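Structure first, commentary second.
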Amino acid sequence: MWNEVQETVDYIKKRTGFTPRFGVILGSGLGGFADDIEIEHSIPYNELPNFPVSTVEGHAGRLIFGKIGGNAVVAMQGRFHYYEGYTMQQVTFPVRVMKYLGVETLVVSNASGGVNPFYHVGDIVILYDHINLMPEHPLRGKNDERFGPRFLNMSEPYNLALISKAKEIAVTQGIDVKDGIYLGLQGPTFETLAEYRMVKILGADCVGMSTVPEVIVARHMGMDCFGVSVITDIGDSDGVGSVSHAEVLEAAAKAEPKVRTLIKELIVQG
Ligand code: HPA
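Each position in the sequence shown, counted from 1, maps to that position plus 217 in the numbering used here.
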């Protein structure tokens, strides 16, 4: 893994000469954030050695390099999900690459189903913690100490200073935000009503199929993380349980301008 990561990093460095400080992973329906970047380079995943290739609808599949307010950013337009059949090592490979390109702060966005009764479709939720119920762990197996420690402290998966800053930005920009705990399941089915209830009982506010592995691996390498989720459907026992991928994309697209502003300002001020 170490050698593959370094090989991919070397390839990108030679091709772009770019050193990003911020990494951004764009979730379902949130890929338009790329328009906020003054793009200097763009590399489709299939041109990157060792990179998996993205398949899911709504994900373009390229790495974008550029500036936001003078700060250097690399953004993944399209991420890899465990449910697509990738291993956890593949899902998190781009995060490892980001680290060795120079990224110190990882910003992750996603779409999720809300189970907190105070949430509504279209809400923007700043994540302050997560519950990992994915069936496989990205750090399982022999630990490579060059990346990080065997037994990783996960008491602050989402950086508290970044959360405070994002909340200040939200106030200044007039963006209504909530905060919450994200629970990661493998999917690809949306939850049954009983499963949504379980998610709520377990103490989470929203549920989705991504983010948790990337954040674990970023923390493994000492990167600070910021996570933001768009509530695209409400999964409670009174709900109609009719969520579809199209509805998720639609709700995410509606909230996108606000999420974009939030992330953009976070980077500009970073
Ligand atoms: N469940 C899981 N993943 C999701 C959901 C959901 O309700 N909405 C968007 N991604």
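Cβ atoms here follow ideal geometry from the backbone N, Cα and C, with glycine treated the same way.
Bear in mind that the values here come from a model prediction, so they are computed numbers and not experimental data.
TODO: Look up Ile-380 in the DSSP assignment and say whether it is helix, strand or coil.
DONE: On the sequence shown, position 163 is the one that residue 380 refers to. Helix, per DSSP.
Task: Residues bridged to Arg-279 (per DSSP) - done: Stepping through the sequence shown from its first residue, residue 279 is reached at position 62. Paired residue(s): Pro-261 and Gln-294.
Task: Reduced DSSP category for Asp-441 - H, G, I as helix; E, B as strand; rest coil - done: The sequence position of residue 441 within the sequence shown is 224, counting from 1. Assignment of Asp-441 by DSSP, reduced to helix, strand and coil, places it in the strand class.
- [ ] Taking Ile-448 and His-337 to be in contact with their CB atoms under 8 Å, please state how far apart those CB atoms are, rounded to whole angstroms.
- [x] Walking along the sequence shown from the start, residue 448 turns up at place 231. Walking along the sequence shown from the start, residue 337 turns up at place 120. Contact between Ile-448 and His-337 is confirmed by a C-beta separation of about 7 Å, below the 8 Å threshold.
Open item on the list: On the DSSP letters alone, give me the boundaries of the alpha helix (DSSP H) that Val-312 sits inside.
Closed with: Counting from 1 along the sequence shown, the entry for residue 312 is found at position 95. Here the alpha helix (DSSP H) through Val-312 covers 305-318.
Task: Residue environment, Asn-220, which counts as buried when at least 16 other CB atoms sit within 10 Å - done: Along the sequence shown, read from residue 1 onward, the residue named residue 220 stands at position 3. It counts as exposed.
Open item on the list: What would DSSP say about Asn-327, mapped onto helix, strand or coil?
Closed with: Sequence index remark: in the sequence shown, residue 327 carries index 110 (1-based). In the displayed model, Asn-327 falls within a strand according to three-state DSSP.
Task: Member of Ile-343, Thr-428, Phe-310 and Val-424 whose CA lies at the smallest distance from the CA of Ala-378 - done: Your numbering for residue 378 matches position 161 in the sequence shown. The alpha carbon of Ala-378 has as its nearest neighbour, out of Ile-343, Thr-428, Phe-310 and Val-424, the alpha carbon of Ile-343.
Task: Distance CB(Leu-369)-CB(His-462) smaller than 9 Å - done: Position 152 of the sequence shown, counted from the first residue, corresponds to residue 369. Position 245 of the sequence shown, counted from the first residue, corresponds to residue 462. No, the Cβ-Cβ distance between Leu-369 and His-462 is not below 9 Å.
Open item on the list: Is the separation between the beta-carbon of Ala-292 and that of Ala-328 shorter than 9 Å?
Closed with: The residue labelled residue 292 in the question sits at position 75 within the sequence shown. The residue labelled residue 328 in the question sits at position 111 within the sequence shown. Cβ atoms of Ala-292 and Ala-328: not closer than 9 Å.
Task: Touching by the beta-carbon criterion (3+ pairs, under 8 Å), the stretch 309-321 and the stretch 405-423 - done: These segments do not touch.
TODO: Reducing DSSP to helix, strand and coil, say where Tyr-375 ends up.
DONE: Looking up residue 375 in the sequence shown gives position 158. Coil at Tyr-375, not helix or strand.
- [ ] Determine the burial state of Leu-356: buried for a count of at least 16 other Cβ atoms within 10 Å of its Cβ, exposed for fewer.
- [x] What you label residue 356 is simply residue 139 of the sequence shown in a count that begins at 1. Burial state of Leu-356 is buried, judged by a 10 Å Cβ sphere holding 16 or more other Cβ atoms.
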